[in-house]
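Student: Okay, so the sequence shown: first residue is 43 according to my numbering, each after it adds one.
No residue lacks a Cβ here, since even glycine has one placed at the ideal position from N, Cα and C.
Predicted model, so just to flag it, every value in this text is computed and none were measured.
Would you mind keeping the following structure in view while I ask a few things?
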Amino acid sequence: MSRKLPIVLGILFCLITNHSISQVIKEVEGLYYNTTGDLYTGTYTEFYESGNKRIEMNLVEGKRNGKITLYFENEKIQEVRSYSDGLMDGTWITWNDNSVKIAEATYKRNKKHGKWYIWDDNGVKRYEMEYSEGEKVGTWYIWDENGNLLKERKF
Numbered sequence: 043m044s045r046k047l048p049i050v051l052g053i054l055f056c057l058i059t060n061h062s063i064s065q066v067i068k069e070v071e072g073l074y075y076n077t078t079g080d081l082y083t084g085t086y087t088e089f090y091e092s093g094n095k096r097i098e099m100n101l102v103e104g105k106r107n108g109k110i111t112l113y114f115e116n117e118k119i120q121e122v123r124s125y126s127d128g129l130m131d132g133t134w135i136t137w138n139d140n141s142v143k144i145a146e147a148t149y150k151r152n153k154k155h156g157k158w159y160i161w162d163d164n165g166v167k168r169y170e171m172e173y174s175e176g177e178k179v180g181t182w183y184i185w186d187e188n189g190n191l192l193k194e195r196k197f
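As structure tokens, this is what we get:
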């Protein structure tokens, strides 16, 4: 019995800890609050029912800030996002479930800004676009699945 007690206590601790983590933070209209109703500052992690990590983000005074990582259920990285003071800001990268990069985009204070790229599931670049403060600019390109240029458009 004495050998089983630490195991049982360990399992109970894990269950209580996971339950507490999922209940500590509540999102209301884009802001995150702790159980006392105060804006939360710290690392916030959500889990799939399997216990695998689903999302991990940094919060400052209830707002997303810094890197946010989303995971597939198998814990491979699905997407990395960047925020500043609750606004989309910086580079976002998305991978498929085979860990092939399929998108890269940049934002500046919640607006599309800079080069955007989209690849197919095989890693072939299909689109290249550019934005400035949310407006389409530069030359946009579209390629076929073999990498041949199909279309070019200037903005």
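Where do the ends of the beta strand (DSSP E) carrying Glu69 lie?
Tutor: Its beta strand (DSSP E) spans residues 68-70.
Student: Return helix, strand or coil for Val50, following the three-state DSSP convention.
Tutor: In this prediction, Val50 scores a pLDDT of 45, lower than 50, which makes its location untrustworthy; no coordinate-derived value is stated.
Student: Helix, strand or coil for Gly156? Go by DSSP, reduced to three states.
Tutor: Note: Gly156 maps to strand in three-state DSSP.
Student: Name the one or two DSSP bridge partners that Gly108 has.
Tutor: Its beta-bridge partners are Tyr125.
Student: Considering only residues of the same chain and omitting the five flanking positions on each side of Leu73, which have a CB-CB separation below 6 Å?
Tutor: The residues are Gly104.
Student: Do Trp161 and Glu170 have their C-beta atoms within less than 8 Å of each other?
Tutor: In this structure, Glu170 does not lie closer than 8 Å to Trp161 by Cβ.
Student: Within 10 angstroms of its Cβ, does Asn107 collect 16 or more other Cβ (buried), or is it exposed?
Tutor: Buried, by the Cβ-count rule.
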